[in-house]
Structures are given as structure tokens and as C-alpha cells.
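Chains as they are written, first to last, in our numbering: chain U, 2 to 292; chain F, 2 to 292; chain R, 2 to 292; chain Y, 2 to 292; chain L, 2 to 292; chain G, 2 to 292.
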């Protein structure tokens, strides 16, 4: 069960309203690598987890991410607060309100117009948050790798936001949030490697003859090789030829006789006649079909 | 530039049509962890990559994933081939065709009805592939962690598909594809760690006082601690109190005087009066309103 | 800031695994009227709210909805628990696992295959949760009407789920959740009507000549009138004629001379000649074109 | 059956082209609270309705909303008309066309580039209209509450648009459309309360011990109580403790013995060892791993 | 302005309820090639059209497609009518209602559970209708080709639905709807070719040296050539080599000196060292790292 | 199997960075009519095709479209290259980086912030690419019409992009890409008409009495008729009356007695009483309710 405390996890001091900046921060509210995505990623994993330690870890961090969602949402609310009142009360001229709505040079108009200045579950382009951002699949050795990667991405988005902000209160709060992603990443790394072995993920081993082969499929000048495709570990195939299994590279299926018949019937009905040089719609449309 | 060879990278022998199985395999064709998602992930990263070695690696593997997309799509095509002809030629009774369409016990009807049995860019529930599956953000130390995680997830989905299939030709092809995910994962691991340092991602360091703190936010019986939140590396906060920065945990903004006025005007206009006990729509609807 | 307690708000006793039922319950986990939608609806409103009483109310209920999300997710996890182990460990034959995956008669395969049996942010058809479900717009007299309606819908979905479940532990938990929606709906009604006036929403009044007019636009036998379009309050227009403002019903714009020129140029270039009876692609395709 | 009259329901006089304003108006054409959403909401409800009076009402208003969609689309078309010709005929320099395309300060480029200036089924951020905006569920006492809320939201969006427009012809048309939402809202209110009782929605009553309880889950300074959680009607729980049913707050399921075995097998295979302090990828990446 | 007549354009006689068939018919209600997609395609084009004849044509057919949407929706409503009442009134046992909900063998449960049996704007897999289905771009010579193709697809989906239905009243209504798509297709063909020339679309001609070249990019055994790549009209390039313009096939940009500096700085910071053979996370996870 | 050559199909010379233009070009990378949509359209059709000539044609062109995707992505990468380095290395002031991010006057901020300047699978409004853009249905006479239309649309989008670009290297590359769409369109036209007959698509003929009827459903002044609805071929119905089949235009279903009972029970329970003039929530909210 969740309980909420009216205070934020981190104090937020915003120097001045700025709807354009608010719009950029939406990336971490309702965006792909934002705090709702993080919270839901760990929360859903936590509910399904059988291991008591990992379950506790996932719910600890999921709960913190919800608190971060609240911080980011509160910053956005502060940045939009002035404009929200102006639009609702319409004390400015229409022309001034129009300019204010479109003045950020980015998509901040959508927040004012559709959401009245409140934090919305959209990214900085106005695209609604989607459950497709949550890539959990229920195997911890895969999911914790996904979690590590998700924290790495979130750290970078915070870094970019810090780079474009000069409001000291916001920079400080974003610095806190960015740092917590690093702390979470370290915890997930530890938890992953506390499972031994954790590679390959799952139960099935790879097929030996293909697990250390490297296919050089992008060809031409400028090849640079490294530990990712050279050394004793790797068999490097310079110019791969289909089919690599030694077969003919064809796809076939055994069809029952009746189905074979209908497939052939369909093929005959829709066959293209390569001996024909038909007049076409493009000919009709370009005036070239004078016949 | 891409060139295509009419042979598949791996030979496909399907024992019998099976639209229900075809539907499950869509997960690796047009699904979140499928081959299009993989190909596009590496292809878009490769185009933006400055490092020659990684660029080559990404385009090698992107190209292989396109070849895998072709293999999976070909298996799906074979599994649906018979039903496709039957429906198009309508040689069966309506009742039999209806049964065939719905007989898989899963969503295979959508493939027949909407896509005519061809491989479609949807997952096994019929949800169209979305660019939101591709989580590249343009910082290699983050992106390669994402790539490692993506390969880990794809490996698991292939393992699950192998577990529910008893067609030997399909099992063998899926085994090849699953194995290649492991090979790719190993390459991405090597390339990641060929960048030193690669943690933390990006340029900005974490804020020292928060980077090794663990907040115990899921409380109650059943705590299990491990290396992810105990040991010298960690400061464990048993019962975190807001705000952790020592401030009051409030969100504030400095508003210009005119905007402050409109915000207050809006607040007054929409204030809820806590001293009122109003009749409500629910009262009207439940018969409890005194009229 | 949020804190989590390891115990659920309501105790869950599931009698037996049932992936098909789990799939139906996803409607209230990651569906349009589910608990995440509810929690996010009130949470985002609460962050933006200026009125202290309503802010508190919204965050109280948002927090409870997160706790409900946890209950529903836990039930789903229990219902899928057995199948999840079977698929991951593959101790059954492929054919049995295939049957288990597709045996629910509904979309439960997607949960097993893609999410490994964990609760996922999808609805019962496998469609990912979207921020588009949250219809908050930042004007409390509108938002609280939306909240009342959302609770009304959620109540109905719970009622339907109760009607198709005979597991007593699940029925009891769903009964609790359904009841809480009614309690929330009553609170939202009270808060709405504690704002006086609350109709019309916003500041602008309606245009007097159109605010009590009813246009009878669906015509023919079978009209039934009631208080919604008859009585002193209404002007009923039996057979509305355009334009109702008395104008010509045309749309016009004053174009600058240069733009008028380019529009005319485009019109001439793409004009259809009604005096022509052209041969078409359909003629070519049906053999009816005289060549 | 529908019939169309070439005249609009309301005459539209646009003073000058303005693609930026056109983009904002898309919110009411292809946006969440726009006219297509309204028309489809009432149309789909109307088709399923059993009550003759409500069916007539829903189809009357659905038809009017289609007519409103036509009005809004016509205004958008007029506002984009000049720019559309310029781009298609390319009589300006590339630099001027580029400036025109991006000059609105908002997303108007997408309309020109992708839709050629015509009205498109997207909102003002370019997000395509989705059926997820239609929240009908087929129980009239819930659906009519949804309809009331939808009209309330649409009224507010029109009000905001009026506030940012100073073209008198557009303001007048938007005023008409805004007013009609109020008229529709009044009709839906009447129709809802013509069903008695209409609360609670559906057939199942709430569980008595939970229907009038208020859980104070957002805690700390600043509580404000009102009729929504105080008075005789309510039992106010100051500090709720899980589980509120008096149970242990755990989620459990009775598993068949074989499934219990596989779940345990999976748990063992993926157990995290809390006694381990493993080297991790982050250690490798930060140079802190002892190699 | 639209007016509605309470009678359908075509009379609907359904022999018996059948939720599974209703689910399939959703493809033509809220699916990609369904009636809403058709109506909105022509309606939005019609609003933007400058040519009086085509505008009239588009609005005639848009209006008819709305009437078809009503027919399809009415059939769906009839097919679901019995189940809707059973679920709402819960007069059956839970087990029987559960079976009824999942009995169609397809996704019919979503319609009952979420939409209460009414016609919903989803396809047969439960995916919400999206504005992305409407591919109009505002150039009539392109749009009318899109319209022709859309009618062709809709005809095929109706044909498939007829093939799986044996209810004579439904077959007859679907036959009417399928036939109307053919009539519309013929009208659109005539209107397209009444514009002369209509190929190439738009104003810009193709670059002469590339407009009749065919690149043979799928290579290997099994080539079949026809009028699409052979004959006087075509230059066939057997084995295309990059770059076809005779350049080096590289992508370059002139960067200002300061930006060149930051790009190089980023490249150095994130360079992969190909001389390194690092230990990786996979090594740690597979036990192959020497610690 | 695919093979990649490190050289592009066409050489790209970009004169200077321009993130705003890069954003517009995304339309052809991850947009509805862009190169991924084209490649996937032909690739999925090719995999399912039975006719050897068409299969070869589809895979030739699919492969070329992948090569075009690479060209467009490379141009985008070049246009964003400078800004990407600046943001990652943060050598500018925050204010300058903020201006750079928002300076394009369009949605270019999303590319920098979320994707780090790399080409992303989104359109110019930031909407992720969706499989819903691919409208293949598996009947070649329909699919090739769709392909012709898709090429026509893509040609127009390229033409518009050329019109707003004055960088000569980009104009030249876009001219090449636009021209190739024309070449592909011609090939698809030839292949379509090499199938004889190809109209009507599929197997079922139209119902004779409805296949040449034109319903004049948009009425009023301004009718213009042409070959699309006049001449010997057409029966023009001036004022269509429902039902056109001569029936009563009603929708009916035969319900089993028990289901009829539950439907009636539901109707009674939710009936609106037209004789009532109830007080409503709007009355309560507007102060017009007599209490």
C-alpha cells in the first residue's frame, strides 16, 4: 500500500515562469525515459518477482521514482503557473495571449491549450505516454539489464536538460534527480550480478556453431575491427553467403493437398503476365497512351 | 547501400501450416523485441555514430537483423500459406472458413482478415509496430547498454517460442536466431567496455552526497538486503523523510506581479467552499436529495 | 513524497491459477478505465491544483488508486504464477505449453509470451496504456465532472468482472475495489458542488440565442421527446436549415492578392474537366477500355 | 442514413490566412475533446441504445457534432488556404517558403508538409486522433456522465481558443460552437436524471463497510477537509493501515503441486545471492573493478 | 450541414446473435480500411478541395460512407445484443458468462468487457482507430490514387467477411456494402483521369537520368522480368554499384569551426579502443571473467 | 539475405548544419509516406507473394527503399551534427544551447533532447512511426494500387521538401529520391496491369443493381457533375431515400427467448422517463435548482 507525504522528496525553487522550459521537462514526466516509465517498469517487475531481495529493491526504487515524478511535475507546474492564470482569466489581449502561447519556440502551446498548464503525461513533442515504453519481460537476468540501460538513458536526458537550463533552483533539482539515476543503476548492477550465472539469460544455451561467429555484412572501405569481432573468441566471416546452414536458403512448407490446390488456384488467378506490355494508369495520366 | 540475395540466411523447412503458431511468431516480426526493432535500433545508431569501429559493428548487425526479419517473415508466410488460399478462393463452406479463422485460440484471425495471411508489422496481439520501441538516444555508453538489454530480451522471447513449438524445422531456425542474439550481445558488451570510462554515462558526474545513498521506501516485514544496498559503498536510509535536501519540500515560483494577480483571480473564482454541504448529482441520482 | 508498505491495502486470496481470467483483469490494470488511469488522472490534477482542499483530496485518492493498482496487479500475478513457471522451465511438452498459452480463449498468450506472466500495462486486448486515457484539462469544474464520469465507468467494469468470476477471494477483492470507486465518486461530487457556481464551466457565458435551442437533426418516425428537448427551457427546431445564423452558410477568407493568385494557379493546374469521359485504370483492368 | 447540405450550419468569415491559428484549432477537429470525438461518442452510443428517447437524442446531437466538425474544418481550410497555394506552386523563394512553414511558432509545419494545408485528424501537436478518446462503455448511467464531462471539457477548449483569437468572424463562429456544447450538456443532464435511480451506476450495490469511508493517504501539514470527507456521511480514517479488511495484506494463490514445483525451480535458478558482493559492469566501466 | 434519417440506407436482418462474428465485423467499423476511415478520408479532402466537381463528389461519398458506418455498426449491435443483456443483468452463472465472453475464439471479450457490447472504434484485434489510417495529403492527383486504392482494399475485406459468414441477411448487407466500394472506385477513377495530365503528380518533373532506370537489387537465381523492368522504356542495371551519381557515396557536411571542435571532442571522449580486449558484463555473468 | 555496402546509393553534400530542416526531413525517414514505410510495405508484400516476377520486383524496390532510408537518415545526421556536439559537450552557455534547441521554429528540440541528434523513427511532429502506415492486405490487385498511391504521395512530400530547401546538395539528393518514386510508380503500374483482369479486385463480383448507381447525398446549390456520376454508365439518384433496398431500413435480430428477457430487463432498468422534468447537476451548479 502507498502512503503520500505532502512534502516533496526534494525542495523546488523556480526563479521565474518559463513555459518553453516546462515543455522540455515533460520529457522526464511523460516521456520515454521519464519518471513514470521508470516507476512503472520497477513496480510491475516488483509485483511479479519471486526473489525477496529483488522484490524489495524494485519496490523501493519504484516508490522513489513516483516521488521523482512528483518533483518533475511540480517544477512543470511552477513554470506554467503564470501563463495558466493569464489564459484562464483572459486579462491580456488576444494577441498577447496568442504570443505567449506560441512564444516558447517549441510545443508549449499544447500544454496550455489542452491541459491548462498542468503537467501532462506527454513527452516534449506532445506524444502521449505509452505502455510500450516499459520493456519488462519477466526474466530477471534480462529485466535487470533493461533496468541498467533505462537508468543510463535517463541520466543522459537529465544531463541534456541541465545543459539548457540556467535557473539555479531547477539545475539543482535536476542534478539531484540525475544523481539518483546513477545510484539506482549501481543497485541494479549489483542485483544482476548477485544472480550467478546470469549469461546467457534464461535456460537454453546457444547453438555452439553460431554463438561466436561474426558476419561481416556491411562491406567496403573503412572496416575497423576490435574485440567485438576479432581475437580467439570470434570466427570472422568476411563475406557471408546464404544459407549459412549449408542449405539452399529457401522457405518451404508441406501443404495438405486441398490447400495446395487453393494456393495454386489463387496464384493462377492473380498471375502477372511478363509477356504483356500493358497500357497503365500512368500512361493515361501522362498523355503517353495515345492508342 | 543495401543489396539483397534471394536466398535466406538460414534455410526454413516448415512441416505443416499452423496459423496459431504464425500469430505467436509475429512477436519477433513486428513486436517490441522483434527483428525490425533490432534492425532499426542498430541502423539508426549506426548512421549517427562518429566512431568508425562502432559504426561498422552497428551496420553489420543491423544488416543481419534485416536478414533475420526475412527469416521470421518467411516462416510466418509458410505457416499461413494454406489458410490464405482457402480464404481467398473460398472453396470451403463459410462455417469451415470461420472456424479456421478463429481456430488458433489466439489472435490469428486478424492476420487472415486484415493482412491476407502475409507477415504484418504487428505483435502477437495485433498491435502495430511503433517507433517507440527504439530507445536509442545518441550517447554510445547509454545506447550500447540498451543494445545489450535488447538482445537479452530477444533471446528470452525466442526461448519461449522454442518451448511452445514442436515443428523441428521451426525449432532449428528459431535456435539459430536465438543464438545470434547471444553473439550480438557479446559484441555489444565488448564494444561498450572498449570505451573507458563508460560509467557514468555522459559528461556530468553525480552529486556526491546523493550518489551512494539508498532510500528504504518500501517498508514493513520481509526486508532482504544485499550488495545492492549494503556494504561500505552505501549509505542506507531506513526511514527517509522529506525533503532529503533539508529544505521544506515545497515547490515555489517567483511570479511577476500581474501574473500573480491572475493566478489569485482564478483561485478565487474556482475555490471550493469547505463549509458547504451541497446537494450533488449523486444525491439526485440515488433519491437521497430532498427536493 | 511517496512511501510504500509491503502489505496490500486489501488481502488477496486466489483459489487457483487462471491465465484467461488474468487477461480480463488487465482491463483494470493497464486499461482505459483502470487503476493506473485513475491514479494518474488525480495525481496530475493534484499537482496543478491551487485550492488546498481539492489538492489534498486529489492526492489522497491518487495514492489510494496506486494501492489499488497494486492489488489488481497482485491478483494478475497470482493467476499467472503457475503458467509462468511452466513456460520458463519448460518441463511440459511443447504441445502442452502451446495449449496452455492459447487455452484461455482470449488474449492471454500475449501476457505469457511477451511479459512472462507479470502484470503488464496493457488492456485485455493487449493494447498498451496510453496517456490519451487521461482527459484532465486544468479547469476544476470540468475536471471534477470528468472524475465523476471516470469513477462511474470504473464501477461498471468492476461489476462486469465480478459477474464473470466465481473465485470467492477474487470476487471479494473486486467488490472492495468497486465500492471504493463509489466512495470516490461521492467525494468528487461534493467537491464539484462546493464550487459555486460550477455551470457553465470556465468564465465565458454562452451566446443567449443558441444556449437553449434544440436542433432535431435525426429525423423520421420514432421521435420521443422528454425534458432534454421539451418544456419551457427549450426552443425545439423541428427541421433545422443552414445556416442557423441567417447567413449563407459559406466559408470564406480574405486572401492577399499574391496568395489569391497562387491558389487560382493551383486550381487551374488540378482542375477536373467535367466534359471529359476518360478511359481509366478500372477500364484497363476490367477489359472495358477500347484500345 | 445521413444526408449532407452544402451549406454550413454556421457561416464562416475569416479575415486573413493564419496557419499558426489553424494549427491551434486542430485541437477541436482531430483533438481529444474535438468534434470528431464528440460525434463518434454519441453516434456509437446511439447505435447501441435501447431507449427510444435517448437513442433519438444521441443521434440528433451526433449529427450536429458532424456539422460542427465541418465548421471547424472549414475555418482551418480558410486559414491555411494561402499558404497551401504558395507551397504547391512554389512561386516564392525556398527561404520564404521555409519561413512561412515554420513561422507560426507552433506545429503548423506538419499540416503544410504532410497534409498540404487541409484539415487533418490530428491535434495541435500533430498526434493522430485515436479511438481511445471515446470512453463509452454501454451503460447509460455511466455514459451520460461521460457525455456531460466531455461537453464540459469541450466548452473550456473553445473558451481558450476564443481567448487567443482576435479575428471577429472566427470568434463569432467559435462562440456559437462553444454555446452548443452548453446546450448539449444540459440535454445530457436532463436525460441522465430522467433515469431513476441513476446512482450507483449498474446493478451491484457497494459493499456497505467501505462505501462511506475516506482514507487520508496524503499526509502532513496543510490538510483541508470539506463535505467530500467530513460530516455524518463519512468515516474518516486518519492514518490507514494495511490491510483494511483486517487480513495480513498478502497475495496468495493455491498452486497445483506440479506448478508449485516449476515456480520453485525458476526461483532457485534466478535467485539473487545477498551474501555476494559481485564486480559489476558499472565497476568495469568506472575503473573501480580490480582486474 | 448533416441531417440524419432514422432509417438505415440498407435494411439489416440478423438471424441470431454471434459475438465472434461481431468482432470480425469491427474491421469495417473501426479498422484500417473500414467505413470511418473512408468517411473521414473523403470528408477531409472535400473540405480542402478547390474544384467544385470533386468537392461535391467527395462530400457525396463521405456522406454515404457515414451511412455505411451506421449499417455496419447496427449489424454489430444486433450480433452482440443478447450477450450484452446477459452480462449487464447477470442472470446466468459466472461460469456461463465467462464462457460466453470468451467463446468466440477471437477478441470478442474486449467488446463485452470494455464497451458493453456496443460498436466500438477498434479493429478486430481491439486496436483503437487512428487518424494515421487517413493518408490524404492535399494534392488531388495523389489523393485520388489513394482513394482508388482504399476502395480496392475495402472491397477485399468485405469479400473476406462474406466468405466467413453464412447468415443470409448479413451476407446480403455486406454484399451491398462491398458493391458500393466498387461504384466509388469507378467514380474516383473517372475524377482522377478528368485531370489531365495527372502523372507525374504535382509540378516538379523527375530528373531525366533516373526516371526510367531499374536497379536490380535483389539478386540470385529466380529472376523474372516483365514490362515493369524491361523493354525500351527501361534501363536495367544488373548489378548496381554505389554511388549511382558517380560520387564517392559519402555523406558530408561543412561544419563551422567551433562546432567541428565540439564534435571532435565528443568523438574523442566516446571513442572505442579497438586494441583493448576488455572484461565485460557478459564475462562476469557467465563465469568466464578472471577475477 | 541482405548485404550492406558502406557507400550510399547517392552522394550527400550538406552545406551547413540546420536542425530545423533536419526536422522537416524526418517526414521521409520516420513519417507516414517515408522510406521506412515504403521499404516495409514492399518487403512484407514480397515475402508473401506467390508470383515470381512480382516477388522479385517487390524485393528489388524494398531493398532500394532501405538504401533511400539510409540517404535520408544520413542527411538528417549531417544537418544535426553540429548541434549534437554542442549539446553533448556543453561548451556553450545554457542560454545559447536553449536557443539552439528551440531555434528551428519547429519540433527540432525533440530530436536533440530525446535522440541526441541522430535520425529517429518519428515524423516531423515527433510522432513515432507505426505499422499502421503499411496498408498491405495480401491481394495483389489491391496492394499494387496501394503501392501506386503510396509512391504518388511520397513524390509530393519530396516535392514540398525541395520547395523549402535552398541547400544545393540536399536539393539534388532529394531530387534523386523524388525521381526514383516516379520510376517505382511506373513499375507498379506495369505490374498491376500485367494481371488481367485486375478489376474488380478479388473474386466476388459486385451486386448488379448497385454497382453503377450514384447517390447524390450532398445536396444544395453548386452541384457539378462529370464522368464520375453522369453518362450512360451511371444511374444518378437525385434524392436518395432510405432504405435503398426497398425494405424498412430497420436493423433487427432474432433473439432466443432468454436473451430477449434480459435485454428487456436491462431496458426497463435503465429507461429514461420522458414525463419527468428532473433537477440536474447543471441546475445545482448554476443556482437554478430550487432546493
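For glycine and all other residues, C-beta sits at the position ideal for the given N, C-alpha and C.
| query | result |
| --- | --- |
| Contact with chain R by residue 205 (chain F), beta-carbon distance below 9 Å | no |
| Where residue 134 (chain R) falls: helix, strand or coil (DSSP) | helix |
| Neighbour-count burial assignment, residue 147 (chain R), 16 or more Cβ in a 10 Å radius | buried |
| Helix, strand or coil at residue 120 (chain L) [DSSP, three-state] | coil |
| The alpha helix (DSSP H) enclosing residue 281 (chain F), as first and last residue numbers | Note, residue 281 (chain F): premise wrong, no alpha helix (DSSP H); not H, not E. |
| C-beta contact flag for residue 132 (chain Y) and residue 157 (chain R) at 9 Å | no |
| Residues of the region 92-122 of chain F whose Cβ lies closer than 8 Å to any Cβ of chain U, in chain order | 92 |
| Nearest neighbour of residue 186 (chain G), chosen from L:273, L:164, L:228 [CA to CA] | L:228 |
| Near-chain Y residues of the region 255-275 of chain R (beta-carbon distance less than 7 Å), N- to C-terminal order | 255, 256, 257, 260, 263, 264, 266, 267 |
| C-beta neighbour in chain U for residue 233 (chain F), strict 9 Å | no |
| Test: residue 185 (chain Y) CB closer than 9 Å to a CB of chain F | no |
| Contact set for residue 10 (chain U): own chain, Cβ-Cβ below 8 Å, skip 5 residues either direction | 65, 68, 69, 71, 72 |
| Pair within 9 Å by beta-carbon distance, residue 135 (chain Y) and residue 76 (chain Y) | no |
| Proximity test, Cβ basis, 9 Å: residue 175 (chain U) and chain G | no |
| Segment contact flag, the region 274-292 of chain F with the region 188-207 of chain R, C-beta cutoff 8 Å, min 3 pairs | yes |
| Buried versus exposed call for residue 276 (chain L) [16 or more other C-beta atoms within 10 Å across all chains shown] | exposed |
| Residue 99 (chain L): first and last residue of the uninterrupted alpha helix (DSSP H) it sits in | 95-103 |
| Where residue 38 (chain F) falls: helix, strand or coil (DSSP) | helix |
| Chain-order list of residues whose beta-carbon lies under 8 Å from that of residue 91 (chain G) (same chain, five-residue window excluded) | 98 |
| Short-range partners of chain F found in the region 4-22 of chain U, where Cβ spacing is below 7 Å | 6, 8, 9, 10, 11, 12, 13, 14, 15, 16, 17, 18 |
| Residue 104 (chain U) versus residue 126 (chain Y): straight-line alpha-carbon distance, rounded | 15 Å |
| Complete alpha helix (DSSP H) runs within the region 167-248 of chain L (minimum length 4 residues, chain order) | 169-194 |
| Selected residue, minimal CA-CA separation from residue 248 (chain L), among G:151, G:238, G:102, G:170 | G:170 |
| Helix, strand or coil at residue 8 (chain U) [DSSP, three-state] | coil |
| Start and end residues, beta strand (DSSP E) containing residue 253 (chain G) | 252-254 |
| Collapsed DSSP secondary structure at residue 20 (chain Y) in the structure displayed | helix |
| Cβ pair residue 184 (chain F), residue 213 (chain U) closer than 9 Å | yes |
| Given residue 42 (chain L) as reference, the closest of L:60, L:52, L:51, L:26 once Cα atoms are compared | L:60 |
| 9 Å Cβ cutoff met for residue 112 (chain G) and residue 23 (chain G) | yes |
| Nearest-angstrom Cα separation, counted from residue 3 (chain G) out to residue 217 (chain L) | 13 Å |
| Near-chain G residues of the region 34-49 of chain U - C-beta to any C-beta below 7 Å | none |
| Residue 140 (chain F) to residue 176 (chain U) span [Cα, whole Å] | 19 Å |
| Residues of the region 216-249 of chain L whose Cβ lies closer than 9 Å to any Cβ of chain F, in chain order | 218, 219, 220, 221, 222, 223, 224, 240, 241, 242, 243, 244, 245 |
| Member of F:278, F:27, F:257 whose CA lies at the smallest distance from the CA of residue 194 (chain R) | F:278 |
| The region 124-153 of chain Y: positions lying closer than 7 Å to chain L by Cβ | 129, 130, 131, 132, 133, 135, 137, 138, 139, 140 |
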